[in-house]
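*Asks:* One structure, as structure tokens, below. Some questions next.
Have a look at this one:
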């Protein structure tokens, strides 16, 4: 008689599902791209300069800054802030042309 | 007597002349053929300059009248010649006076009149019409340029966004099968409480796409980040024309504590290795030596190795790994295996952090997408073998175990790093402990003060005093022991 021992190991893969946690950017600020925040701030500064000092080129740069900030923004960011930045820069352009309808002169 | 009558006659003459003149004027108006009814003395009184002219005439006339009237009087008195002359003189004087008056009048009226007399020989100066009043759009060329620039930016945004989206989708389509066969959960955005498989990429930005995979033996989870170029930003596109950069795919695998032994290892391009050794906390602490060339281990020279110890390199660089690295050397930016991974070095303003940063057993892969920016969706298929390498590495590292010597060396290294850290932060930790002790004392004192019952207050004060005395005694004992030891 031959004893045949069949040992069968049925290994069930044991795994656990872990939910996704977005990386905490407060502890690691290098992960965050600061471009949209800087552009937002620049846009606001240029808009105020354009409105207060009646400089048309400032107002136009503010419009560009708000566009760049929008292009680089994260999808989780608040749209209200984007919209307010847009509106401020466009109002700066409109107000500077209403006050002085002359066309913009180039610096050269 | 005769003189008095003459004077009376003269005044009467003047009055009659006045009346006749005014009537004559009146008659002139009528001669124009207008209705009598329309005219009224009062209506014309203010607008007519008749009053001035008769006044002038009267002024003119009295001297000449005076002169001729005086002449008959003088003739009668036989003093004609002298008085005629006088009268003529007067007349002349009157004339001269008139002329003077006119010249004076003119001069006063028109100052600088002679000087600014425009002659028809001078040319007329045409002033330019202000630009905004002209009926031409050409003067607004700067504004047109600005608007054109904005339109170009918007067009580039739409095109860039679409291209990035297509590349991401192409990558996911080529890798979906492999991922779904290896992981139970593919795609989770973290919004729902339970881990549910969404089966699609999570868009973080217009140029960054995330994919979380979990549910595999020996790994907690895998985060894949597709870091594309900022094709949606025109400024970035222009900057890339100066300095070409390529798209990257970053894979971060987090392992369970029991799935990896204690070692730190990295392999990648020379530039990347030099940069990582400076930036990464664990590589700078555990892999102090310069990166070694990969030629020793059969991989191309363009790749270099950073390792904690030689045994680790020998264990990781088996034939299959060497084959992967050799065939895809151009796509590999860096491969980093570490049990002490805590990310890049954090520069704190207040000084060094008081606690060691939290570490996790991590495998970090960074791959370059071929094309150097001009990537097409087809290039994404060439990254599939690299994903196979990732899966192979996970399985391999679970089995890789250091021998006893290696383990001891690794433990010593970790103890050394911890000691160094504690030494550096010793002073700060002491300060923190001191402030904590002072705060405790203050809190206790406040509690005693706030206690209303005087007996209880007394008892608490006594207990605090006893505690302080005990502490002092302990310190004194310690000092004595140190002195004895020193002796």
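Chains as they are written, first to last, in full-length UniProt numbering: chain E, 1 to 108; chain S, 1 to 487. Each residue gets a CB set at the ideal place from its N, CA and C atoms; glycine is no exception. Bear in mind the structure is a predicted one, so any value in this text is a computation, not a measurement.
1) Please report the distance separating the alpha-carbon of residue 199/S from that of residue 71/E.
2) Can you name the residues of chain S whose CB is closer than 7 Å to the CB of residue 21/E?
3) Quick check: is the beta carbon of residue 203/S nearer than 9 Å to any beta carbon in chain C?
4) Which chain E residues are close to residue 488/S, counting only those with a beta carbon under 7 Å from its beta carbon?
5) Can you pull the chain E residues whose beta carbon is under 8 Å from the beta carbon of residue 233/S, in chain order?
6) According to the neighbour-count rule (16 or more other Cβ atoms, all chains shown, within 10 Å of its Cβ), is residue 53/E buried or exposed?
7) Please work out which residues of its chain come closer than 8 Å, Cβ to Cβ, to residue 178/S, disregarding the five sequence neighbours upstream and downstream, and give them in chain order.
8) Entirely within the segment 336-401 of chain S and at least 4 residues each: give me those alpha helix (DSSP H) ranges in chain order.
9) So which residues on chain S does residue 75/E lean against when the C-beta distance must stay under 7 Å?
10) Can you list the residues of chain S that residue 17/E reaches, using a CB-CB cut of under 7 Å?
11) Could you tell me which of 167/S, 276/S and 363/S sits nearest to residue 248/S, measuring between CA atoms?
12) Might you give, ordered along the chain, the residues of its own chain that have their beta carbon closer than 8 Å to the beta carbon of residue 344/S, omitting 5 neighbours on each side?
13) In angstroms, rounded to a whole number, what distance separates the CA positions of residue 382/S and residue 220/S?
14) Hey, how far is the Cα of residue 475/S from the Cα of residue 271/S?
15) My guess is that residue 69/E and residue 36/E are in contact by the Cβ rule of under 8 Å, so how many angstroms apart are they, rounded?
16) Quick test of your reading: residue 195/S and residue 79/E, contact by CB under 8 Å. State the CB separation rounded to the nearest angstrom.
17) For residue 150/S, go through chain E and note every residue whose CB falls closer than 8 Å to its CB, in chain order.
18) Counting pairs of Cβ atoms below 8 Å between the segment 404-411 of chain S and the segment 303-312 of chain S, do you hit three or more?
19) CA-CA distance, residue 164/S and residue 378/S?
20) Verify the CB distance criterion: does residue 96/S have a CB-CB separation below 9 Å to chain E?
21) Measuring alpha carbon to alpha carbon, tell me which residue in 244/S, 436/S and 401/S is nearest residue 262/S.
22) Taking the alpha helix (DSSP H) that residue 41/E falls in, what are its first and last residues?
23) Let's see if you can read the secondary structure: which residues bound the alpha helix (DSSP H) around residue 79/E?
24) Should the segment 296-307 of chain S be regarded as contacting the segment 355-368 of chain S, the criterion being three or more beta carbon pairs within less than 8 Å?
25) Would you mind working out which of 448/S, 394/S and 471/S sits nearest residue 253/S, comparing C-alpha positions?
26) Taking the straight line between their C-alpha atoms, what separation do you get for residue 155/S and residue 250/S?
27) Can you tell which of 347/S, 228/S and 122/S has the C-alpha that lies nearest to the C-alpha of residue 380/S?
28) Between the segment 82-97 of chain E and the segment 53-66 of chain E, are three or more C-beta pairs nearer than 8 Å?
29) Mind checking which residues open and close the beta strand (DSSP E) that includes residue 213/S?
30) Drop a sphere of 10 angstroms on the beta-carbon of residue 141/S, count the other beta-carbons inside from all chains shown, and report buried for 16 or more, exposed for fewer.
31) Are the C-beta atoms of residue 392/S and some chain E residue less than 9 Å apart?
32) Check whether chain S comes within 9 Å of residue 10/E, counting only Cβ atoms and requiring the distance to be less than that.
33) Using 9 Å as the threshold, is the C-beta distance between residue 326/S and residue 291/S below it?
34) Mind checking residue 122/S: buried by the 16 CB within 10 Å criterion, or exposed?
35) Counting along the chain, where does the alpha helix (DSSP H) carrying residue 415/S start and finish?
36) Sort 429/S, 337/S and 146/S by Cα distance to residue 264/S and report the nearest one.
*Replies:* So, from the data block:
1) 27 Å
2) 190
3) In the structure shown, chain C does not exist; the protein chains are E and S.
4) Residue 488/S falls outside the range modelled here, since chain S spans only 1 to 487, and no answer is possible.
5) 68, 71 and 72
6) exposed
7) 384, 387, 388 and 391
8) 384-399
9) 203, 204 and 205
10) 184, 185, 195, 214 and 215
11) 167/S
12) 279, 280 and 281
13) 27 Å
14) 55 Å
15) 5 Å
16) Their Cβ separation, rounded to whole angstroms, is 28 Å, which puts residue 195/S and residue 79/E out of contact at 8 Å.
17) 63, 64 and 67
18) yes
19) 13 Å
20) With a pLDDT of 49 at residue 96/S, under the threshold of 50, the modelled position of that residue is not reliable, and the figure given next carries that caveat. Answer no: the Cβ-Cβ gap between residue 96/S and chain E never drops below 9 Å.
21) 401/S
22) 35-52
23) 79-99
24) no
25) 394/S
26) 29 Å
27) 228/S
28) yes
29) 208-214
30) exposed
31) no
32) Because residue 10/E sits at a pLDDT of 46, beneath the cut-off of 50, its placement in the model cannot be relied upon, and the point is left open.
33) no
34) exposed
35) 404-424
36) 337/S
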